[in-house]
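For reference, the structure is listed below as structure tokens.
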Amino acid sequence: MSQPVVTALIVAVVILVIVAIAAVALVLRARRRRKLAESLEKRRDDEVQYAFVINPSKPQAATQRLHIQEFCRAKGLNRIRFYDTQLDKDGRACAKEALADGADVVIAVGGDGTVRTVASAVSGTGHALGIIPIGTGNLFARNMGIPVDDVDAALTVATSHGSRLVDMGRLWLLDHPEDDHGHAFLIIAGIGFDAAMIDDTDPALKANISWLAYFVGGFKNLFAPKYRANLTITSPDGSSHSIRNLDFRTIMAGNCGQIPVFSLMPAASYDDGILDFEIIDTTGGILGWANLFGDVVHQTLIGKPEQNPLSTNSTVEQIQGLTAEITLEKPAKAQVDGDMLPETRHIRFSVDRRALIVRVPASTLSSLEKTAQVAAANATADFAETTALLEPIR
């Protein structure tokens with residue numbers, strides 16, 4: 098068969114697999130929503146000072162602002178303030194302002210970009226982060242079990258007792274001395290193909306078809322040149338492992354590994370104090386990318402970071418560690434939770450262990466004392482979140 102026919106068949110198979118997995122996901126989502134509704138009925142409202150950091154660029158932002166006001170009024174939660182992100186004032190700056198104004202709980206209203214920048218400021222303060230997901234991907238909310246299609250349920254979670262301690266990843270641009278902090282990420286950060294794919298994704302298309310738009314951005318970069326770098330990973334036991342002149346398509350660091358439909362990093366756990374590094378390479382053109390897709394489907398189905406035994410033209414190496422440092426031969430694009438960073442040749446990944454308190458839904462609560470002790474130990478402010486801490490989700 099000709100190359101165009103082979104390519105068309107591969108694309109058709111990929112689409113059929115996605116549809117099948119999506120159908121199963123919809124059934125599981127319906128089951129989870131029933132359980133969530135039962136658990137939310139048992140939660141107790143928390144009457145503290147709330148700051149809602151909202152991204153006004155989202156199409157539904159104005160409507161949601163009014164909805165939040167009505168919800169809080171009906172619940173008797175009168176101590177609320179809104180902070181709008183702007184081009185020169187991101188979620189991190191807004192959250193810092195809110196904390197300085199006396200906010201007890203800071204709630205990010207937006208997509209993953211708003212959530213990660215707000216979390217960057219709240220992390221380590223002893224204050225809790227709430228999330229009202231109104232973005233297109235909402236990947237962190239999904240990993241936390243926060244409802245992404247029910248604003249009232251998300252508001253109930255954010256304004257009532259029940260929290261979990263979560264790790265926060267950092268990506269440091271070592272060749273950009275003007276940066277005064279590591280760029281936070283809660284899901285996945287990376288350099289190479291994944292960043293180029295995100296950068297080439299049309300925002301308008303993403304608004305219309307959500308995360309599926311990334312496939313279009315990815316297709317544009319299938320035949321881009323590979324990257325070369327020196328890589329050093331520090332393992333949880335403190336030992337270091339280096340690879341010189343490594344050729345790769347993308348290197349990612351994961352705090353959470355689940356995306357809609359697929360599992361990119363099945364072993365990633367957001368509260369274990371380590372990052373999951375994934376090194377991906379392909380050969381053989383479209384065949385290599387088809388093999389890589391098979392690898393992702395395989396590990397999604399078995400729930401383990403294991404490569405498809407039938408793969409011949411792709412490699413997916415997954416390594417856990419505390420830090421990783423990468424020095425590239427040429428500058429490349431980097432991203433954190435879907436937000437683009439300047440091109441760089443020298444980066445470091447690190448993790449802040451259980452530095453963030455996130456209000457999440459769950460049914461099993463541990464003691465209030467445990468939460469208070471941990472929050473107080475992490476706190477850098479007078480207020481520390483004292484809601485019940487939920488047992489880690491596995």
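Numbering (our numbering), first residue to last: 98 to 491.
A virtual CB, placed ideally from N, CA and C, is assigned to each residue, including glycine.
These figures come from a predicted structure and were not determined experimentally.
Other residues of its chain near residue i: CB distance less than 6 Å, five sequence neighbours each side excluded
i	result
residue 331	337, 418, 419, 420
residue 169	177
residue 489	Because the pLDDT at residue 489 is just 40, under 50, the model does not fix this residue reliably, and the point stays unresolved.
residue 328	340, 343, 423
residue 426	325
residue 214	187, 188, 189
residue 319	386
Burial state of residue i (16 or more Cβ within 10 Å)
i	result
residue 446	buried
residue 339	exposed
residue 155	buried
residue 347	buried
residue 409	exposed
residue 211	buried
residue 157	exposed
residue 188	buried
residue 405	buried
residue 278	exposed
residue 399	exposed
residue 237	buried
residue 160	exposed
residue 293	buried
residue 299	exposed
residue 321	exposed
residue 218	buried
residue 407	exposed
residue 387	buried
Contacting residues, own chain, Cβ-Cβ under 7 Å from residue i (five flanking each side not counted)
i	result
residue 362	351, 354, 373, 375, 402, 415
residue 304	233
residue 113	none
residue 365	351, 352, 353, 354, 373
residue 280	267, 268, 433, 438
residue 302	310, 313
residue 385	379, 410, 411
residue 179	149, 151, 162
residue 243	228, 230, 251, 254, 457, 458
residue 500	The question about residue 500 has no answer, for the chain in this structure spans 98 to 491.
residue 181	151, 153
residue 199	146
Sequence-distant residues of its chain with Cβ nearer than 8 Å to residue i (five each side left out)
i	result
residue 273	439, 441
residue 334	none
residue 270	276, 280, 431, 438, 439, 441, 443, 444
residue 397	118, 358, 359, 360, 363
residue 428	440, 441, 442
residue 144	173, 174, 176
residue 296	314, 430, 432, 437
For residue j and residue i, believed in contact at Cβ under 8 Å, the rounded distance
i	j	result
residue 216	residue 283	6 Å
residue 323	residue 345	6 Å
residue 235	residue 209	7 Å
residue 264	residue 436	Contact flag wrong, Cβ pair sits at about 18 Å.
residue 260	residue 455	6 Å
residue 174	residue 256	6 Å
residue 185	residue 146	About 26 Å separates the two Cβ atoms, so there is no contact after all.
residue 356	residue 413	Contact doesn't hold; Cβ gap of about 15 Å is too wide.
residue 245	residue 164	Contact flag wrong, Cβ pair sits at about 15 Å.
residue 370	residue 451	7 Å
If we require 3 or more residues per run, which beta strand (DSSP E) segments fall completely within the region 143-219? Inside the region 143-219, DSSP marks whole beta strand (DSSP E) runs of 3 or more residues at positions 147-151, 177-181, 202-207, from first to last along the chain.
With a threshold of 8 Å, are at least 3 pairs of Cβ atoms found where one atom belongs to the region 292-310 and the other to the region 452-461? Judged by Cβ distances under 8 Å, the region 292-310 makes no contact with the region 452-461, as fewer than three pairs qualify.
Please go through the region 209-290 and give each complete alpha helix (DSSP H) segment of 4 or more residues, from N-terminal end onward. List check, alpha helix (DSSP H) in window: 209-219, 236-241, 248-255.
Check whether the region 203-223 and the region 148-168 are in contact - that is, three or more C-beta pairs closer than 8 Å. Under the three-pair Cβ rule at 8 Å, the region 203-223 counts as touching the region 148-168.
Does the pairing of the region 181-201 with the region 217-230 give three or more beta-carbon distances under 8 Å? Taking a cut-off of 8 Å for Cβ pairs, the region 181-201 and the region 217-230 touch, as three or more such pairs fall below it.
Cβ pair count under 8 Å reaching 3, the region 276-292 against the region 248-260: By the criterion of at least three beta-carbon pairs nearer than 8 Å, the region 276-292 is not in contact with the region 248-260.
Output the residue ranges of the beta strand (DSSP E) runs that lie fully inside the region 335-362 and measure 3 residues or longer, sorted by chain position. DSSP runs (the beta strand (DSSP E)) wholly in the region 335-362: 337-345, 347-351.
Start-end ranges of the beta strand (DSSP E) lying completely within the region 381-468, minimum 3 residues: Fully contained in the region 381-468 are the following beta strand (DSSP E) runs of length 3 or more, in chain order: 411-418, 420-433, 436-456.
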